[in-house]
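> Residue numbers (our numbering): 3 to 425. Every residue gets a Cβ at the ideal spot worked out from N, C-alpha and C, and that includes glycine. Below you will find the structure I want to go over with you.
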Ligand SMILES: Cc1ncc(COP(=O)(O)O)c(C=O)c1O
């Protein structure tokens, strides 16, 4: 049967919200400028220090004998701890897979909680230093669920302007009055808080590590302000769990303010090599989320393989602090090396290292030239960051070797020269 597409009708669909249209405009720019393949790269195998990747178009057109995949140095993975693929974690997940199957076939509140979920949540809380923790199907779902459940139309929320999209979306659902404060600007935040009546319920919401810039929230000062102005604090530590602070316990542990943070949220798919998200805090607030947050009540629980595998990951992180030492050594080598080349890493102070570039065209050219040299990096442009701040984003990992880093820096320098960004 002939498959006819009614293009007129499809064109009618391209209306959407302002944001949808902005996204679509970016897609059209990728398409018009031949950069679309960079957004459609396909992977095979476990993303460690190296990864096998190919353009989707080459995978689709390859016949059986052709092998479009190439091995690359991976500077674009959230596998900060390098624990993805660790045999001890895989063994635990495999046993759980055989015993429990692929899914719980249920939501947490009804028939989706196994002993593995309960044990993992207890272990996660111990690891983070909180009384209790609960898990969600993603970090995105955790933020949406927590903000929607805890903040209401009667509340004021002060949110760092560079907070993750899941926070923006969660706050929209909550219908709270949201005031964005300039990125990490403590004086400005103080000024805003001073103008809010003392009795008004208020929250300060911030990423722990900012996902595009790689800088860190100034949590000790935020805690002081929260005390002074009687505000609650919610921290999204998606990029810090298993990647920052002692043994990877995150930004509150780094600043030694765990007890002062009301709710910590995070992801289980970055430094921790699984999938899902979490909220952690006091027993009472976790119970409130168990019985009052939509992502816990109305969405399937994590596959049992995840709590089984990640319980082992937490043991490894506790017992092998050298993992974090290696991660931060690698991060510093990369960052200092890039600075020495003469490129701008912004205010990076974590395993996320941006390289700020003049515009998105150069950003994509840079990423493509590195790709040709078998170095995988992610190009980032609007709407993920503002139009004037296009960049490459590199992610350090404990799995990178000294040779990987040397080779990467050599190629970054070569490409920067080729694009006339340095002499
Ligand atoms: C700061 C931040 N919060 C939340 C998330 C969402 O986490 P997940 O990928 O587990 O949904 C991300 C994802 O990259 C993130 O960068």
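Residue 27 CB to nearest chain B CB: under 7 Å?
Any reference to chain B falls outside this structure, which holds one protein chain only.
> Between the Cα of residue 122 and those of 276, 346 and 351, spot the shortest distance and give me the residue it belongs to.
276
> Could you check whether the stretch 333-346 touches the stretch 296-304, counting it as contact only if at least three pairs of C-beta atoms, one from each stretch, sit closer than 8 Å?
Touching, no, given that fewer than three Cβ pairs across the two stretches are closer than 8 Å.
> Between residue 83 and ligand 1, is there a pair consisting of the residue's CB and a ligand heavy atom that are separated by less than 6 Å?
no
> Could you give the distance in angstroms between the alpha-carbon of residue 244 and the alpha-carbon of residue 402?
16 Å
> With a cut-off of 8 Å on the beta carbons, I'd call residue 392 and residue 382 a contact; round off their distance for me.
7 Å
> Rounded to whole angstroms, what is the Cα-Cα separation between residue 415 and residue 44?
26 Å
> For residue 364, which residues in the same chain have their Cβ closer than 8 Å to its Cβ, ignoring the five residues on either side in sequence?
392, 421 and 423
> Could you say if the stretch 83-101 and the stretch 54-67 meet the contact criterion of at least three C-beta pairs nearer than 8 Å?
Segments in contact, no.
> Please state whether DSSP places residue 399 in a helix, a strand or coil.
The answer is coil: DSSP assigns residue 399 none of H, G, I, E or B.
> Within 8 Å, do at least three Cβ pairs link the stretch 313-332 to the stretch 175-194?
no
> For residue 142, verify whether its CB is less than 6 Å away from any heavy atom of ligand 1.
yes
> My assumption, with CB atoms under 8 Å, is that residue 119 sits in contact with residue 132. Please give the rounded CB distance.
Not a contact, Cβ separation roughly 17 Å.
> Hey, could you find the ends of the beta strand (DSSP E) residue 93 is sitting in?
Where residue 93 is concerned, there is no enclosing beta strand (DSSP E), although the alpha helix (DSSP H) it sits in stretches over 89-102.
> Should residue 204 be labelled buried (16 or more other beta-carbon atoms within 10 Å of its own) or exposed?
buried
> In chain order, what residues of the same chain lie with their CB nearer than 6 Å to the CB of residue 38, ignoring the 5 residues before and after it?
Beyond the five residues adjoining it in sequence on each side, residue 38 comes within less than 6 Å, by CB distance, of 32 in the same chain, given in chain order.
> Could you check if residue 248 is buried or exposed, using at least 16 other CB atoms within 10 Å of its CB as the buried criterion?
exposed
> Measuring alpha carbon to alpha carbon, tell me which residue in 21, 227 and 242 is nearest residue 435.
Since the first residue of the chain shown is 3 and the last is 425, residue 435 is not available in this structure.
> Could you give the distance in angstroms between the alpha-carbon of residue 60 and the alpha-carbon of residue 70?
6 Å
> Figure out for me which residue from 159, 167, 175 and 139 has the closest Cα to the Cα of residue 150.
The shortest Cα separation from residue 150 among 159, 167, 175 and 139 belongs to 175.
> Whole-angstrom Cβ separation of residue 384 and residue 28, contact assumed at under 8 Å?
6 Å
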